[in-house]
Amino acid sequence: MTTPAPAPPVPPDHPGPYKIGKLEFPFWTGGPGFTLAKISYPAVEDDGWLAHADRSDGPYPAIVLAPATWTGANLYDWFTDYVVRHGYIVFRYFPENIMALDPHMHADTITDALDKLVDVNHDRFNPLRGMVDTSRFGAAGVSLGGAGALIAAARDKRVRAVIGFAPGRNEREPQKYALIDTEVGRLATPVLIMSGQNDRISPGSGVHYHDLVPQGYKTYLEITGGNHVQFLDPSDVDIRLPGLPRDGKPGITFAEQHATANIYATAFFNAALKGQDVCQSYVNGDLCQIALKEGVLCDMRHLTGPLPAPPPPAGVIAAATAAAAAPLAVLGSAAQAGVSLLAGATRGVDALVRGVGRTLRDAAGSFTGRPAP
Numbered sequence: 082m083t084t085p086a087p088a089p090p091v092p093p094d095h096p097g098p099y100k101i102g103k104l105e106f107p108f109w110t111g112g113p114g115f116t117l118a119k120i121s122y123p124a125v126e127d128d129g130w131l132a133h134a135d136r137s138d139g140p141y142p143a144i145v146l147a148p149a150t151w152t153g154a155n156l157y158d159w160f161t162d163y164v165v166r167h168g169y170i171v172f173r174y175f176p177e178n179i180m181a182l183d184p185h186m187h188a189d190t191i192t193d194a195l196d197k198l199v200d201v202n203h204d205r206f207n208p209l210r211g212m213v214d215t216s217r218f219g220a221a222g223v224s225l226g227g228a229g230a231l232i233a234a235a236r237d238k239r240v241r242a243v244i245g246f247a248p249g250r251n252e253r254e255p256q257k258y259a260l261i262d263t264e265v266g267r268l269a270t271p272v273l274i275m276s277g278q279n280d281r282i283s284p285g286s287g288v289h290y291h292d293l294v295p296q297g298y299k300t301y302l303e304i305t306g307g308n309h310v311q312f313l314d315p316s317d318v319d320i321r322l323p324g325l326p327r328d329g330k331p332g333i334t335f336a337e338q339h340a341t342a343n344i345y346a347t348a349f350f351n352a353a354l355k356g357q358d359v360c361q362s363y364v365n366g367d368l369c370q371i372a373l374k375e376g377v378l379c380d381m382r383h384l385t386g387p388l389p390a391p392p393p394p395a396g397v398i399a400a401a402t403a404a405a406a407a408p409l410a411v412l413g414s415a416a417q418a419g420v421s422l423l424a425g426a427t428r429g430v431d432a433l434v435r436g437v438g439r440t441l442r443d444a445a446g447s448f449t450g451r452p453a454p
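Using the numbering used here, the first residue of the sequence shown is number 82, and each one after it goes up by one.
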């Protein structure tokens with residue numbers, strides 16, 4: 082009986098086949114206290130709280146998502162749900178200080194979140210045990226969370242791909258951002274940065290960060306008519322940060338900006354974390370050029386550099402480890418048998434020596450007329 086060939090991966094511009102399970106829990110980041118974290122994962126039941134995990138294709142790559150200032154984990158369903166349906170686990174959180182303006186807080190929290198995902202994967206009582214591919218981590222963030230994601234990827238080598246959605250920058254804090262620029266300049270991880278054409282909160286920051294990234298795989302995409310705030314879930318709230326200008330009026334809807342961003346984000350992660358090279362056409366190839374000609378994108382900048390080959394999934398590694406261990410186990414058994422045989426031979430020789438010794442003592446006693454000792 083022949084094994085059927087695996088189904089081809091779903092293109093990033095189509096809805097993914099997986100359903101969504103959700104898990105919430107208190108999350109200690111090492112700061113002043115606990116915050117709330119959410120994990121969304123492929124499940125066998127749709128939108129189910131603690132739904133049974135879909136283990137058919139696990140373990141899955143995991144992405145940590147950092148929120149924008151004054152927001153939390155609840156404003157990013159647009160991104161989370163889409164990529165989970167394409168076979169990813171997404172960890173998102175409420176920041177320790179929702180009003181903090183320092184991207185380093187998000188960089189630290191992303192590292193803490195990666196540690197937590199490792200713990201979850203090994204916790205025998207967690208429903209996601211064994212579901213997280215800890216060799217394929219990604220990071221993403223919005224606004225200052227996007228800047229934090231870039232810093233985290235520069236610091237933590239476990240992050241194998243990073244996306245900054247309209248990564249934030251405050252020119253009024255030159256010393257702080259000079260340090261951030263230095264850190265982003267050390268990035269050696271594949272990077273995708275997306276901005277909106279009408280962004281007035283962090284205008285030009287996406288290009289700035291893109292240019293800082295040294296030689297390697299990096300892409301900058303600008304969405305025609307998009308702005309800064311529409312990288313959040315749809316809302317009637319007018320988000321305006323003190324000291325910053327009001328965001329530009331969008332030329333497209335929330336849904337249109339989300340749909341465009343999701344296609345390129347999913348394609349990028351598929352290429353960088355799953356090794357689906359065909360998806361690079363969306364990010365910087367022929368399909369990207371078509372989007373530019375059709376006006377979906379108004380800017381694309383890309384530095385050609387080979388994506389690092391993703392490690393094999395954890396299940397493959399485990400199988401290879403077991404296969405490699407098998408000959409060693411046989412060798413170990415043979416060595417143990419050899420040791421046992423040698424020990425037996427040694428005992429036999431020792432008994433023979435003791436027997437010869439007794440015979441000689443008996444003979445000496447008979448010759449001298451005294452009993453042997």
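From the three backbone atoms N, C-alpha and C, an ideal C-beta is built for every residue, glycine too.
Straight-line measurement puts the Cα of Val125 at about 32 angstroms from the Cα of Ile274. The stretch 276–363 is shown to contain whole alpha helix (DSSP H) runs of 4 or more residues at 286–293, 335–355, in chain order. Taking a contact to require three or more Cβ pairs closer than 8 angstroms, the stretch 233–247 and the stretch 259–277 qualify as touching. About 5 angstroms separates the Cβ atoms of Phe172 and Ile120, confirming a contact at the 8 angstroms cut-off. In chain order, Gly297 place their CB closer than 7 angstroms to the CB of Ala269, counting only its own chain and leaving out the 5 sequence neighbours on each side. Unbroken beta strand (DSSP E) stretches of 3 residues or longer found wholly inside the stretch 195–225: 213–223, given in chain order. Thr263 carries a helical assignment under DSSP once its states are collapsed to helix, strand and coil.
Within the same chain, no residue comes within 6 angstroms of Lys238 by CB-CB distance, once the 5 residues on both sides are set aside.
Secondary structure of Ala269 (DSSP, three-state): coil. Listed in chain order, the non-local C-beta contacts of Gly129 below 6 angstroms within the same chain comprise Gly102, local neighbours out to five positions each way being set aside.
Between the stretch 281–294 and the stretch 345–359 there are fewer than three inter-stretch CB-CB distances shorter than 8 angstroms, so the stretches are not counted as touching.
Counting along the chain, Leu373 sits inside the alpha helix (DSSP H) bounded by residues 367–375. In this structure, DSSP gives Pro107 an extended state, which the three-state scheme calls strand. Under the DSSP assignment, Tyr122 falls in the beta strand (DSSP E) whose first and last residues are 115–124.
With respect to Leu156, Asp314 sits close: the two C-beta atoms are nearer than 9 angstroms. It is roughly 19 angstroms from the alpha-carbon of His203 to the alpha-carbon of Ala132. In the assembly as shown, Glu303 is a buried residue. Its beta-carbon has 16 or more other beta-carbons within 10 Å. Considering only Leu104, Gly153, Leu293, Met212, the residue with the shortest C-alpha distance to Phe175 is Gly153. For Trp130, the secondary structure class from DSSP, reduced to helix, strand or coil, is strand.
For the set Thr300, Cys379, Asp189, the Cα lying nearest the Cα of Gly386 is the one of Thr300. According to the DSSP assignment, Asp380 belongs to no alpha helix (DSSP H) but to the beta strand (DSSP E) extending over 378–384.
Under the 10 Å beta carbon count, Trp159 is surrounded by 16 or more other beta carbons and is classified as buried. In the structure shown, the three-state DSSP call for Tyr157 is coil. One alpha carbon belongs to Asn279, the other to Thr305, and they sit about 8 angstroms apart.
The shortest CA-to-CA distance from Tyr290 to any of Phe335, Val145, Asn251, Ala147 is the one to Asn251. Sequence-distant partners of Ile344 (beyond 5 residues in either direction) whose C-beta falls short of 8 angstroms from its own C-beta, in its chain, are Pro93, Asp94, Tyr363.
According to the DSSP assignment, Val240 belongs to the beta strand (DSSP E) that extends over 240–246. Take the alpha-carbon of Val91 and the one of Ala220: they are about 22 angstroms apart.
Leu146: member of the beta strand (DSSP E) spanning 141–147, first to last residue.
Of the residues assessed, Lys330 falls on the exposed side of the cut-off, its CB having fewer than 16 other CB atoms within 10 angstroms.
In this structure, Gly277 lies away from Ala147, with their beta-carbon atoms at least 9 angstroms apart.
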